[in-house]
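As given, the protein sequences belong to chains A and B, one line each in that order. Position in the first sequence counted from 1, then plus 10, gives you the working numbering. Position in the second sequence counted from 1, then plus 153, gives you the working numbering.
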Amino acid sequence: MKHSITLNVNGDTYNLAVDPWRTLNEVLREDLNLTGTKFGCGSGDCGACTVMLDGRAVSSCLTLAVEADGKEILTVEGLAPSGEKLHPIQEAFIEKGAIQCGFCTPGMEIAALDLLRRNPGPKEDQIREALAGNLCRCTGYAKIVEAVQDAADKMKSNQS
Amino acid sequence: MPIPRFDYFAPRTVDEAVNLLAQAGPDGRVMAGGTDLLVKIRFRVIHPAAIVGLKKIEGLERISFSRNKGLTIGATALLADVAASSPVRRYYPGVAQAADQTANVQVRNMGTVVGNLCNASPSADNAPTLLALGARVRITGPGGQRSMSLEDFFRGPGMTALEPGEIVTAVTVPLPPPRSATAYLSLSARAKLDCSAVGVGVMLALDDRDRCKDLRIFVGACAPIPVRAGGAEQVLIGEKLTDSTVEQAALEAAKATQPIDDVRASADYRYKMATVLTIRAIMDARKRALRKKN
């Protein structure tokens, strides 16, 4: 039996009928064509599928779409709503060279956003701890950590 | 690998959940955060026909504390919320520490403390400290409500004392004794994300002369279930906590374990680290307990 659900994704409301075994990741990618969010390990280890669910970073591959009913979801596509000016986190990732193949990037950026909302001035070890659930096989993480530090500075100066 | 098909139910009350589970029979499974269950389903370890989700049951997500009743952590209280809860951090720092050391940010935002206990992994990070504090689980099932000590709850890897159709609705923790402190320390191959290779939880209470008045030590991931290091406790109870008495106790703690070799660590390493972590956990708890005058 399909369940009818309402998702608010990046500010847009979608009414959908979904099978109960389908994940939020599948619905975002296959039904809504929001393919920025990746599918990696399927077991909550790699973080490539990370999205914000009611303001918290979660693995969309381990979230049933039916359990996301009525919730607000933010994906990488929603980071820069205007489509013209990038989010400070995205700018920092580009400027610091924190993106190589790019597969981990959407998850990394959402996890970074989760961190910076909770802790606007994280130390290096706090950044590494917050990104422990996001694997990158290209960069060696140094540039990503630098990018998050830089994003924190950018976001602070934007506020002041 | 897509997730195989199942029916899904989101009851509004515990009684409704129990009924749904009874109807589903052996093919039904309870789901709290889903971070273990959905992985097992995706990788074909289990094949449930029906899932009963607990998240819509109002009140189960609550973490409540009172000086009379102690701490109650509801079945759907998130690991992240337990780790951040101010009464948990203040009165049960070891419980907060353990929740905060479980998995990664994403899993802590989805998974639950009670789910971690119900999966009954020998390495469950939240078990040793709660065991050391004398926690109990509250259970509702077809036969009504009951509660049992967490110590009696674990029966083997992935096995608990739950009868078919029963649901753990909360874990309750008594108020810690005066001049006591808890600590949880764990080690794993990759420092953060992966399952612990060894975990030690302790609850230590001091008397007015700073001697060990009460002590409970549980070691995780070193036996089929988290084991109590009773021999080690006996070494220290009534004694002064010095480097040498604590080391002697910690050597006893390792003797309570039956570690195995696996991908996370060798049996030999686990045995040695059970001693090391026991020393550190007791000293950590001692330091915190000494700050409390009475």
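We put the beta carbon where it would ideally sit given N, CA and C, even for glycine. What you are looking at is a predicted structure, and each value in this text was computed from that prediction instead of being measured.
- Residue nearest to P281(B) within the set G352(B), V266(B) and L231(B) is G352(B) (criterion: CA-CA distance).
- Boundaries of the alpha helix (DSSP H) harbouring E386(B): G383 to L389, taken from the DSSP string.
- Assignment of beta-bridge partners to F307(B) by DSSP yields T313(B).
- Under the 8 Å Cβ criterion, the region 96-104 of chain A does not count as touching the region 59-73 of chain A, having fewer than three qualifying pairs.
- In its chain, beyond the 5 residues on either side, R364 have a beta carbon closer than 6 Å to the beta carbon of K393(B).
- Counting only the Cα atoms, L145(A) lies some 30 Å from D421(B).
- Proximity of chain B to D124(A) at the Cβ level (cut-off 7 Å) is accounted for by V258, in chain order.
- Fully enclosed beta strand (DSSP E) runs of no fewer than 3 residues occupy 82-84 of the region 69-105 of chain A, in order along the chain.
- Burial check for S239(B): the Cβ neighbour count within 10 Å stays below 16, so the residue is exposed.
- DSSP places A58(A) in no beta strand (DSSP E); its state is neither H nor E.
- For K440(B), the enclosing alpha helix (DSSP H) stretches over residues A420 to L443.
- Annotation: the continuous beta strand (DSSP E) that includes Y24(A) extends over D22 to V28.
- For K81(A), the CB contacts under 6 Å within the same chain, skipping 5 residues up- and downstream, are L63 and D64 in chain order.
- Taken through DSSP and simplified to helix, strand or coil, K209(B) comes out as coil.
- The C-alpha of P179(B) is placed about 45 Å away from the C-alpha of P331(B).
- Nearest to N279(B) by C-alpha distance, out of R308(B), P379(B), A237(B) and K366(B), is P379(B).
- In the structure shown, Q401(B) adopts helical secondary structure according to DSSP, grouped into three states.
- Residues of the same chain with a CB within less than 6 Å of the CB of G117(A), apart from the 5 flanking positions on each side, are G57, A58, T60 and N144 in chain order.
- Straight-line measurement puts the Cα of D168(B) at about 51 Å from the Cα of A108(A).
- Below 8 Å, enough C-beta pairs join the region 14-21 of chain A and the region 73-90 of chain A to call them touching: three or more.
- Listed along the chain, the chain B residues whose CB falls inside 8 Å of the CB of R66(A) are A233 and N262.
- L89(A) does not reach chain B, its nearest Cβ partner there being about 17 Å away, counting only Cβ pairs nearer than 7 Å.
- Distance from the Cα of S302(B) is smallest, within the candidate group T293(B), V326(B), Q250(B) and P310(B), for V326(B).
- Using a Cβ-Cβ cut-off of 9 Å, T47(A) is close to nothing in chain B; its nearest Cβ partner there is about 13 Å away.
- The C-alpha of D135(A) lies about 29 Å from the C-alpha of Y424(B).
- Counting only runs of 3 or more residues that sit fully inside the region 221-302 of chain B, the beta strand (DSSP E) segments are 223-227, 289-294 and 297-302, in chain order.
- Distance from the Cα of D361(B) is smallest, within the candidate group R369(B), K446(B) and L368(B), for K446(B).
- Distance from the CA of V267(B) to the CA of L72(A), rounded to the nearest whole angstrom, comes to 18 Å.
- What L191(B) touches in chain A, judged by beta-carbon distance under 7 Å, is L72, going in chain order.
- DSSP places T410(B) outside both helix and strand once states are collapsed to three, so it counts as coil.
- DSSP, reduced to helix, strand and coil, places L173(B) within a helical segment of the structure shown.
- In the three-state reduction of the DSSP assignment, L145(A) falls in the coil class.
- By the Cβ test, the region 189-207 of chain B is in contact with the region 156-164 of chain B, since at least three Cβ pairs between them sit closer than 8 Å.
- Going by DSSP, D135(A) is part of the alpha helix (DSSP H) stretching over E134 to A140.
- Within 7 Å of the CB of V76(A), the CB atoms of chain B belong to Y161, in sequence order along the chain.
- Per DSSP, S14(A) is one residue of the beta strand (DSSP E) stretching across H13 to V19.
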